[in-house]
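The next block holds one structure in the form of structure tokens; read it before the comments.
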Amino acid sequence: MGAQLRVYKRRIQAVTATKKITKAMEMIAASRIVKAQRKVAASMPYATELTRAVTAVATGSNAKHPLTTEAEAPTRAAVLLVTSDRGLAGGYSSNAIKAAERLRERLAGEGKEVDTYIVGRKGVAYYGFRERKVEESWTGFTDNPAYSDAKRIAAPLIEAIQKETAEGGVDELHIVFTEFVSMMTQNAIDDRMLPLSLDEVAEESTRKGEILPLFEFEPSAEDVLDALLPRYVESRIYNALLQAAASEHAARRRAMKSATDNAGDLIKSLSRLANAARQAEITQEISEIVGGASALADATAGSDK
20 MGAQLRVYKR
30 RIQAVTATKK
40 ITKAMEMIAA
50 SRIVKAQRKV
60 AASMPYATEL
70 TRAVTAVATG
80 SNAKHPLTTE
90 AEAPTRAAVL
100 LVTSDRGLAG
110 GYSSNAIKAA
120 ERLRERLAGE
130 GKEVDTYIVG
140 RKGVAYYGFR
150 ERKVEESWTG
160 FTDNPAYSDA
170 KRIAAPLIEA
180 IQKETAEGGV
190 DELHIVFTEF
200 VSMMTQNAID
210 DRMLPLSLDE
220 VAEESTRKGE
230 ILPLFEFEPS
240 AEDVLDALLP
250 RYVESRIYNA
260 LLQAAASEHA
270 ARRRAMKSAT
280 DNAGDLIKSL
290 SRLANAARQA
300 EITQEISEIV
310 GGASALADAT
320 AGSDK
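Reading the sequence shown from the start, the letters are residues 20 to 324 in this note's numbering.
Structure (structure tokens):
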């Protein structure tokens, strides 16, 4: 019984130490969510106005540009997948990877080749384990991305959309990331960045009661679109990285809270087992004492006779 009690005590100590770690990680994730949400909110006005400006230029001119011009027969697409660098975030990265796999299958079904770009060690590890080709990858900043990170990611994608497909270019740019809806809800989604769908932007503006502004273009609409292209792609990627970071922190907080609660339940269960083992040990000791005393009493009574 003593050995069994020692086993329970060691397990309780180990689970208690784990509970302290998961509780600390939960609190850290909770503190970072607020900062990430503020960054997402701060990035939205710029991204929204930039999209409206691009739409206004495109609708106010007949310029053909990769930002807005649909290929007649698209054959190649680039997909940017945003995952996390670290684990312990529940199904955060796996859900994004599944969304990317569904998008890949859909594009392949449309007869398009897919070039994959990945952000985050989890996505890199997934594709590396399966020995699948990745054009470029970036790691080390998923929980706290900066605009400079978005610029580094956007550079090869912009280069790819500006090339002809025969020269290794692509006709479409897609991004797969986890959209932050609330503390409890984060959805892995795929979104086409380029070419920009002018009809969808116009419909959204109409639904919100907005009127697209009128601009005069100097020196020309083509030059304006050339200048806006990198800004547009960078802002979209930056906003996606910020939303993904907020989603990662929220998912990690939820996972660590669940782990902390489970550790607490396990400690209670082990404590009951340890108490039962201790009680059984005490009962056995009492029985041995009573039995010894009874045997001694019987031996004493026999010697008196």
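Note that beta-carbon positions come from the ideal geometry of N, C-alpha and C, so glycine has one too. What you are looking at is a predicted structure, and each value in this text was computed from that prediction instead of being measured.
Check, Outcome
"My output table needs one value for Ser103: the three-state DSSP class, helix, strand or coil.", "coil"
"Can you give me the C-alpha to C-alpha distance between Ile40 and Ala278, rounded to a whole angstrom?", "10 Å"
"Using 8 Å as the threshold, is the C-beta distance between Met44 and Leu99 below it?", "no"
"For Tyr136, write down the residues that DSSP places opposite it in a beta bridge.", "Leu99, Glu155"
"Between the region 111-123 and the region 192-202, are three or more C-beta pairs nearer than 8 Å?", "yes"
"Using the rule of at least 16 other Cβ atoms within 10 Å of the residue's Cβ for burial, across every protein chain shown, is Met203 buried or exposed?", "exposed"
"Between the region 294-306 and the region 47-56, can you find at least three pairs of beta-carbon atoms closer than 8 Å?", "no"
"Excluding the 5 residues flanking Val143 on each side, which residues of the same chain have their C-beta closer than 6 Å to its C-beta?", "Ile137, Ser156"
"Any chance the region 154-172 sits against the region 243-259, with 3 or more Cβ pairs inside 8 Å?", "yes"
"Please report the distance separating the alpha-carbon of Asp209 from that of Arg125.", "11 Å"
"How far does the alpha helix (DSSP H) with Asn114 in it reach, from first residue to last?", "111-128"
"Where does Asp209 fall in DSSP's three states?", "strand"
"Where DSSP assigns a beta bridge to Leu192, which residues make up the other side?", "Ala97, Leu213"
"Could you tell me whether the Cβ atoms of Val189 and Asp134 are closer together than 8 Å?", "yes"
"Kindly indicate the opening and closing residues of the alpha helix (DSSP H) around Lys170.", "166-181"
"If you draw a straight line from the alpha carbon of Val153 to that of Tyr146, how long is it in whole angstroms?", "7 Å"
"So is Ala296 buried or exposed if we call it buried at 16+ other beta carbons inside 10 Å?", "buried"
"Assuming Phe199 contacts Ser266 (C-beta within less than 8 Å), just tell me the rounded distance between them.", "5 Å"
"In whole angstroms, what is the alpha-carbon distance linking Ser112 and Arg211?", "20 Å"
"If we call anything under 8 Å between Cβ atoms a contact, is Arg95 one with Glu150?", "no"
"Which residues does DSSP list as the beta-bridge partners of Glu150?", "Glu150 is not bridged to any residue."
"In three-state terms, what does DSSP make of Thr197?", "strand"
"Just to check my reading of the structure: Pro214 and Thr74 have Cβ atoms closer than 8 Å, yes? What is that Cβ distance to the nearest angstrom?", "Actually they are not in contact, since the Cβ atoms of Pro214 and Thr74 sit about 12 Å apart, beyond 8 Å."
"Pull up the distance between the alpha-carbon of Ala282 and that of Lys42, whole angstroms please.", "10 Å"
"With 16 as the cutoff for other CB atoms within 10 Å, does Thr102 come out buried or exposed?", "buried"
"Short of 7 Å in beta carbon distance, which residues of its chain neighbour Ala115, apart from the five on each side in sequence? Order them along the chain.", "Leu100, Val101, Thr102, Val195, Phe196, Thr197, Ala207"
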